[in-house]
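Quick note, the sequences are listed as chains P and R, same order. Residues in the first sequence are numbered from 652 upward in steps of one, following this note's numbering. Residues in the second sequence are numbered from 652 upward in steps of one, following this note's numbering. Ideal placement from N, C-alpha and C gives every residue a C-beta, glycine not left out. Quick notes on the structure that follows.
2 protein chains.
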Amino acid sequence: LTTLFLKSTMLKRDFLFVDLRAGGGGRGIRISLDVGGEGLLNDMDPRAYHYIKRNILVNKLEGRLEAYNQEANTLLNMLVLSGITLDYVDVDPYGSPIPYIDSVFKPLCKKAYIGITATDLAPLSCTHPRKTLVRYWNKCIRVDFEKEYALRLLIASTAMRAAALGFAVTPLLSTVYKHYARIFIESERSYNRAFRVINECVGYIWYCTDTLERGYTRDPYDTPNCTSGKRPIVLGKTWICSITVPDTVSRVLLEAEKTGFLRLETLKILEKLRDEVSINTPYIRLDKLCSVLKVNMPKIDLLVSKLRELGFQATKTHMDVRGLKTNAPFEELARVIYELAKR
Amino acid sequence: LTTLFLKSTMLKRDFLFVDLRAGGGGRGIRISLDVGGEGLLNDMDPRAYHYIKRNILVNKLEGRLEAYNQEANTLLNMLVLSGITLDYVDVDPYGSPIPYIDSVFKPLCKKAYIGITATDLAPLSCTHPRKTLVRYWNKCIRVDFEKEYALRLLIASTAMRAAALGFAVTPLLSTVYKHYARIFIESERSYNRAFRVINECVGYIWYCTDTLERGYTRDPYDTPNCTSGKRPIVLGKTWICSITVPDTVSRVLLEAEKTGFLRLETLKILEKLRDEVSINTPYIRLDKLCSVLKVNMPKIDLLVSKLRELGFQATKTHMDVRGLKTNAPFEELARVIYELAKR
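Structure below.
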């Protein structure tokens, strides 16, 4: 996915990248072979460093790749002083990327890209609420769109940390796959844009635990009531703007189709992503919704095409097989499900 | 103040400290001469580095102090790998300490101390609300206790960043003087304590812009109404626990009295601090309150002694000459002011 993303997004061929936790160096070498650019492949582990060096030699990339054996934050902060600026940084740690986020932005050039992997889905999706509070500063509850909540929380956290250092971020491509989240973001060194991003895109999700209604709000005190009459729960701060740019997905798909040896799964994810990308509302889990509505669950494909017939956007999501993304109002959605269940 | 703090707080004599932005090295040399310990004095500027080396030689501290010429974050992250753990770190940058906070905690030992200076009082006290949002993530308004707001925001921000890395903080001594804030905090490597700190002490201040009533709340939806009937504004997240520990102030004052050559001003601040430390409510600016109450301003000393006669705690604050700290309920305070104004 990383090479596809860089191929379709990186405009210049002589870019400079860093793979912070390179392991054996596989990803960096793929980037260099498939996309181009020069790179620093870093790993703190001396054994990994040994393999990185060997793999660079094996692939004859000595002129373009350099192996480093540094603590990740140290390397990035050393680069700040060196005056070298980076076009792409890959952050793929064990667990949370939080300990690296603040160092990642400082050595970036005016406009750059970052790929971040997070394997701490449990705190991100509120499975461990105490850990969520400590690491991501949110008091939260379990929701039915937990995978999307994880992505949005990771993006908001990254955006806030970036803004404090004077950088504005735009999420270009966000995915969850199995136990990890991976996001690609564009970063721009601009105090004014950083303000606009934080002001517009870092907000709250209101959520009704009884009816599963949900929506975004920038003012946590301004939420509608649930149809049950209860007050909704307010979650956040989290990311409320789009988490993927349609144009990026199209271009990545185009690159993917050119590539023969891709895993089928990657293609499938990208195709689902293309469909869901224009709908910003968090997905709703159909099984949970049907249990709230007390009806049998209709076939999700049937529901999607029915909603589309009625003129709404509707699609499945790559994040959860039981998830439905739609811009249909809640009452309409419920009405269609009742109708399908009656048949 | 730093040497007094360390003298009274640091229990062992063979502690290790880092002065991150040491300038000419004055503070580090004073610590070493007056308190003891071994230290790394660091400055990114090669000229500063030159002076640090010279001053170490002049003071014959070659055995105990070492000069470094590194970017501050790089130095701290290098120490993480080295296995050396620090007992005290001094962070005294130009402007905001935010770019350094995340690196400061990682090389600390189980229990350590940090001294932080912030000269960005304008965003901290909401004079530039856009900058406050970008750097400290708070949507805020100007309040009459702006200096205390600045301290609390700086502490909350530090505590949240520390918690994300698994550290719990306790503010021991917090002061504002002229255009800068200085806080001394204790840090402990403990995930559970970090959770407790964030859960209990990072909350919200509710504030009535028309009547100047204020108070703390952990639940932003649970605030009383203003006596005017309006809903108060909710500020935060910010620090709502105590910002200074009485015991620390007493011990620092004891050290201060032993020292002959202290500036009178430092002593005065410490004495005021001793009086105000037990009152956690933010100070109220008497001039603004009297203009809301539409009465002439009484002498603040008179008001203080009157409130004390009535059995309340009341004191002036070192943060603002017009500021009053009291635990008297708002109606009582207003009643006493009216009474004094009538005479």
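For residue 878(R), there is no enclosing beta strand (DSSP E), as DSSP marks it with neither H nor E. With fewer than 16 other beta carbons inside 10 angstroms of its own, residue 733(R) counts as exposed. Non-local beta-carbon contacts of residue 679(P) in its own chain, meaning distances under 7 Å to residues more than five positions away in sequence, involve 670, 673, 690, 692 and 716 in chain order.
Nearest CB-CB separation between residue 915(R) and chain P: not below the 8 Å threshold. Closest in C-alpha terms to residue 821(R), from the list 967(R), 844(R) and 934(R), comes 844(R). Residue pairing by DSSP places residue 769(R) opposite 832(R) in a beta bridge. The DSSP-derived three-state label of residue 946(P) is coil.
With contacts defined by Cβ atoms closer than 8 Å, residue 894(P) and residue 969(P) do not form a contacting pair.
Your pair residue 880(P) and residue 868(P) does not check out as a contact, with CB atoms roughly 19 Å apart and the cut at 8 Å.
Remark: three or more beta-carbon pairs, one from each stretch, lie closer than 8 Å, so the segment 768–779 of chain P and the segment 736–754 of chain P are flagged as touching. Counting along the chain, residue 976(P) sits inside the beta strand (DSSP E) bounded by residues 971–977. The straight-line gap separating the alpha-carbon atoms of residue 745(P) and residue 834(R) is approximately 34 Å.
Taking residue 713(P) as the centre and dropping the five residues before and after it, the same chain places the C-beta of 707 closer than 7 Å to its C-beta, in chain order. Taking every protein chain shown into account, the CB of residue 889(P) has 16 or more other CB atoms within 10 angstroms, so this residue is buried.
Less than 8 Å divides the Cβ of residue 979(R) from the Cβ of residue 965(R). Note that the C-beta distance between residue 660(R) and residue 800(R) is not below 8 Å. Distance from the CA atom of residue 720(P) to the CA atom of residue 756(P), rounded to whole angstroms, is 20 Å.
Along the segment 812–842 of chain P, going in chain order, the ones with a CB nearer than 8 Å to a CB of chain R are 814, 815, 816, 817 and 842. Each of 664(P), 677(P) and 878(P) was checked against the Cα of residue 686(P), and the nearest Cα belongs to 664(P). With respect to residue 937(P), residue 849(R) sits apart: the two C-beta atoms are not nearer than 8 Å. Boundaries cannot be given for residue 928(R), as no alpha helix (DSSP H) includes it and DSSP labels it neither H nor E. Boundaries of the alpha helix (DSSP H) harbouring residue 753(R): 749–756, taken from the DSSP string. Apart from sequence neighbours up to five positions away, the residues of its chain that approach residue 700(P) with a beta-carbon distance below 7 Å are 694, 718 and 720, ordered along the chain.
Here residue 884(R) is near residue 858(R), since their CB atoms are less than 8 Å apart. Residues of chain P with a Cβ closer than 8 Å to the Cβ of residue 749(R) are, in chain order, 815 and 816. Using a Cβ-Cβ cut-off of 8 Å, residue 772(P) does not count as an interface residue toward chain R, since no Cβ of chain R sits closer than that to its own. Taking the CA atoms as reference points, residue 901(R) sits about 30 Å from residue 817(R). By alpha-carbon distance to residue 878(R), the top candidate from 982(R), 705(R), 684(R) and 988(R) is 982(R).
Neighbours of residue 865(P) in chain R, taken as residues at a C-beta separation under 8 Å, are lacking, since the least C-beta distance is about 18 Å.
The alpha-carbon of residue 731(P) is positioned some 14 Å away from that of residue 667(P). Residue 784(P) has a beta carbon lying within less than 8 Å of a beta carbon in chain R. Proximity of residue 754(R) to chain P, defined by a Cβ-Cβ separation below 8 Å, is satisfied.
DSSP lists 839(P) as the beta-bridge partner residues of residue 819(P). When secondary structure is reduced to three states using DSSP, residue 714(R) falls in the coil class, being assigned neither helix nor strand. In the displayed model, residue 793(P) falls within coil according to three-state DSSP, outside both helix and strand. For the 8 Å CB-CB criterion, residue 804(R) and residue 828(R) do not form a contact.
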